[in-house]
Each structure stands twice: as C-alpha cells, then as structure tokens.
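Chemist: Protein chains in written order, with numbering that gives the first Met the number 0: chain A, 0 to 173; chain B, 0 to 173. The beta-carbon is built from N, C-alpha and C at its ideal position, and this holds for glycine as well. In this text the structure is predicted, and so the values were computed from the model without any measurement.
There are 2 protein chains.
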Amino acid sequence: MDIFYHDCGINLRKIQGENVRRAGLLPTREMVPVFLVLEPMETPDRETMMTELNFKKGGGLLPVIVQDYSSREVLMLAYINKEAWEQTIATGKAHFWSRSRSKLWLKGESSRHYQIIKEILLDCDEDTVIYLVEQQGGAACHKGYRSCFFRRLRGDDFEIKDEPVFDPAEVYKK
Amino acid sequence: MDIFYHDCGINLRKIQGENVRRAGLLPTREMVPVFLVLEPMETPDRETMMTELNFKKGGGLLPVIVQDYSSREVLMLAYINKEAWEQTIATGKAHFWSRSRSKLWLKGESSRHYQIIKEILLDCDEDTVIYLVEQQGGAACHKGYRSCFFRRLRGDDFEIKDEPVFDPAEVYKK
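(1) Going by beta carbon distance, what residues of the same chain come within less than 7 Å of A83 of chain A, once the five residues before and after it are set aside?
(2) For V164 of chain B, collect the residues of the same chain with a Cβ closer than 7 Å to its Cβ; drop the 5 residues on either side in sequence, then sort them by chain order.
(3) Within 10 Å of its beta-carbon, does Y171 of chain B have 16 or more other beta-carbons around it, so buried, or fewer, so exposed?
(4) Once you ignore the five residues that flank E72 of chain A on each side, which residues in its own chain have a CB closer than 6 Å to its CB?
(5) Under the assumption that R111 of chain B contacts L120 of chain A (Cβ atoms under 8 Å), give the Cβ distance between them as a whole number of angstroms.
(6) Put A138 of chain B into one of helix, strand or coil per three-state DSSP.
(7) Could you name the residues that DSSP lists as bridge partners for Y130 of chain B?
(8) Whose C-beta lies closer than 6 Å to the C-beta of G107 of chain B among residues of the same chain, with five residues either side of it excluded?
(9) Using a Cβ-Cβ cutoff of less than 6 Å, which residues in the same chain neighbour P43 of chain B once the five nearest sequence positions on both sides are dropped?
(10) DSSP beta-bridge partners for D156 of chain B?
(11) Going by DSSP in three states, K172 of chain B sits in which element: helix, strand or coil?
(12) When we look at the beta-carbon of A77 of chain B and count the other beta-carbons within 10 Å, is it buried (16 or more) or exposed?
(13) Can you confirm whether R111 of chain A, when its beta carbon is compared against all beta carbons of chain B, has any partner nearer than 9 Å?
(14) Going by the beta-carbon positions, is the gap between G128 of chain A and I79 of chain A smaller than 9 Å?
(15) Under 9 Å, Cβ to Cβ, is there at least one residue of chain D near Y144 of chain A?
(16) Assign V31 of chain B to one of two classes, buried (16 or more other C-beta atoms within 10 Å of its C-beta) or exposed (fewer than that).
(17) Keeping to the same chain, check which residues put their C-beta closer than 7 Å to that of K160 of chain A; ignore five residues upstream and five downstream.
(18) For chain A, is any of its Cβ atoms less than 9 Å away from the one on K160 of chain B?
(19) Considering only DSSP beta bridges, list what Q114 of chain B is partnered with.
Here's what the structure looks like:
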C-alpha cells in the first residue's frame, strides 16, 4: 500500500507502507493534505546503525575483540563507548575508551602502531564487536608482544609462549 | 640460603630462601624454635593461579573470548566469575556466568554443544582470557550459526555473512 502525506504544507511525499507504523489519519486517494502519526522511518543511516550496538548492558561501554585480519590471531580486547565507535568508523583506525585513563584512546597514538580497520563484525546480542585489523608495527601489546595474549596455562600456572617483537622502552620513549 | 623455622611448636619445616620475603628473626643454625614473619609462599598452586586473574576490574566478572582451536575463528564472548573459572579448569568444558540469568552456565547444557577446552591464554593485564576450544555440534551461537559474529558492517548497516548450521527451534526444543 502506498501512502501519501503532506509535509509542512510544502511537499507531498510518498512513503513505503512498511515504514508507516501508526497512522492517525489515512489520506484519501485524492491526496488531501492531512497529518499522519508516523514512527521514525527505518532508513539505514548512521544513527540507526549505532543504535544497533547495545552500549547499555555494559554501562556505556562495549567490549571489542581485535583480531589480525590475515592470521586471525586475537591481538587484544578493549572497550568502546559511542564516541570511540564513531571515531573508528570516521577514521578507519581503531579507537577505544581507556578505562584506566578515562579518555578516548586512538590505538597507536604513542607507539604509532595503528590498527587499520579491514572489517567489523557484530555478535548476536549486539553487545560485542570484532575489529579485524591490519596491525601496524607488527605488535599490539604495550609489552612488546604481537598479541596481548602471550601467556598460556600450563598445569597450574601461566607460561610465556611468545617472543617480544619490540622493546617497549624503545617504542614508548618520549 | 636454607632457613628452618618452628611451626606451632610441632614441626620444624625447611623453606627455600626465595620464599622468605621478610624475617623478623632468623633462626640459628642450631634450629632454635623462633617465629619468622613470612609473606605467603609463592608455590604455584591452584590458589596462586586464580589470584592472577583480575576479577576486580569487572566487578567480579572477566570477559572470555572463545576461539575455535583449529580455524582460529572467534566463536563468542562471554563472562566468567571465579566459580565458572574453577568449573572450567576442573571439567575441561567451558563454563560461564550468565549475566542475563544470573547463574553458572555450562555452555552446551541445553544444546549439548559443549566447548572442549584445548588451551587457555591470558592477556597482559590479567583481565581477559581466551578459551581455545573444540566446538561440539559445529556451532556456538544460540541462533544456529557457527559463530555469534555472523554479521559484518557493510556501509552503514550490518549484513548477515554466514549460513546457519542448525535450526535453533530443533536443538533447543524440550
């Protein structure tokens, strides 16, 4: 069903029936200008996409798994708020919310080891995302390892399984 | 240096020097019973291992990334408390804390799609772990997909990129 409505007395706009959820008055076939009570149209725009992420569950924050686009190795886990999400989308570089420093955090802002976004995945509950990235500098961990997950459980203790890629003292010096 | 100390007037115990951090009084070579002020011994036991995980940061919960041991595909993200962690270690099957149901959750308790632990990784901040698992039933997501991350960002919206492996209505029927 096609529906026409009168918009501020200026334009007659045609809306797809599926976008009209409630109609206080249906216009006649002769397109008499009347008001319709409409719910927001579900046009897929930036705003709609963002509301699909459930930031409420984690008190405004949402965990992001960062995974190497080529090797599929998990590099780190960090958190985003809406601002970090928007900055990531706008720049194509991974941004997070630093819980320890309570500020927006461009990954690589000190080390220049930026994470270039190749793909973004969303989970079934809309409360976790994956950034598939190209890790610049070859290492994500501030301790110099390729991945922050450089330890594995062996018996009752964790052992280091990887070799560091860079010297943190060298990379983070001012 | 070997140090001997008198334990409650009953046993004389020998302790490796490296475990003795502070000594109020050092016993003589003749093993005169005195008290030593000792910090907890760093023997790698179950208790020590658990305290390495930082449950405090997330209010008692800690995120777990579940990854397929063979393909390295990220299957899901869930949370553990200490009990879920202990049950995972004790049984070799992934246990979590269900935030929505507020209860211990053996993954697969309804679907029988258990996650068999192959390896466990720990991150640099001790506040995230990875379970590398063999996913029984071929699918981790309650919506029937292999991974919960079955959607990817395309333009301004998310699109489904995978095919379901099972029919949830069939698997979760009572």
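Modeler: On the basis of the coordinates in this document:
(1) Position 84 of the first sequence, counted from the start, is the residue given in the question as residue 83 of chain A. If we look at A83 of chain A and ignore the five residues flanking it on each side, its Cβ neighbours are H94, F95, W96, L103.
(2) The count along the second sequence starts at 1 and reaches residue 164 of chain B at position 165. Taken in chain order, the residues that qualify are G137, A138, G143, Y144, R145.
(3) The residue you call residue 171 of chain B lines up with position 172 of the second sequence. So Y171 of chain B ends up on the exposed side.
(4) Within the first sequence, the letter at position 73 stands for residue 72 of chain A. If we look at E72 of chain A and ignore the five residues flanking it on each side, its Cβ neighbours are S146.
(5) Here residue 111 of chain B refers to the residue found at position 112 when the second sequence is read from its first residue. Here residue 120 of chain A refers to the residue found at position 121 when the first sequence is read from its first residue. With 8 Å as the limit, R111 of chain B and L120 of chain A do not qualify as a contact, their Cβ atoms being about 26 Å apart.
(6) Along the second sequence, read from residue 1 onward, the residue named residue 138 of chain B stands at position 139. Three-state DSSP puts A138 of chain B in coil, outside helix and strand.
(7) Taking the second sequence and counting its residues from 1, one reaches residue 130 of chain B at position 131. Y130 of chain B is bridged to B:V65, B:I119.
(8) The count along the second sequence starts at 1 and reaches residue 107 of chain B at position 108. Contacts found: Y113.
(9) Locating residue 43 of chain B in the second sequence gives position 44, where the first residue counts as 1. Low per-residue confidence applies at P43 of chain B: pLDDT is 46, beneath 50, and the placement is therefore not dependable, though the value from the model is reported in the following sentence. Answer for P43 of chain B: no residue qualifies.
(10) Within the second sequence, residue 156 of chain B is the residue found at index 157, counting from 1. DSSP output for D156 of chain B lists B:R153 as bridge partner(s).
(11) Sequence index remark: in the second sequence, residue 172 of chain B carries index 173 (1-based). If DSSP states are grouped into helix, strand and coil, K172 of chain B belongs with coil.
(12) Within the second sequence, numbered from 1, the residue matching residue 77 of chain B stands at position 78. Label assigned to A77 of chain B: buried.
(13) Within the first sequence, the letter at position 112 stands for residue 111 of chain A. Chain B contact via Cβ: absent.
(14) In the first sequence, counting from the first residue as 1, residue 128 of chain A sits at position 129. In the first sequence, counting from the first residue as 1, residue 79 of chain A sits at position 80. What sits at residue 128 of chain A in the sequence shown is Val, not Gly. Taking 9 Å as the Cβ cut-off, V128 of chain A and I79 of chain A qualify as a contacting pair.
(15) Checking the listed chains, one finds no chain D in this structure; the protein chains it contains are A and B.
(16) Within the second sequence, the letter at position 32 stands for residue 31 of chain B. In this prediction, V31 of chain B scores a pLDDT of 42, lower than 50, which makes its location untrustworthy; no coordinate-derived value is stated.
(17) Here residue 160 of chain A corresponds to residue number 161 of the first sequence, with the count starting at 1. Closer than 7 Å at the Cβ level, and outside the excluded window around K160 of chain A, lie F149, R150, R151.
(18) Along the second sequence, one-based indexing puts residue 160 of chain B at 161. So, interface residue.
(19) Locating residue 114 of chain B in the second sequence gives position 115, counting from the first residue. Answer is B:Q134, bridged to Q114 of chain B.
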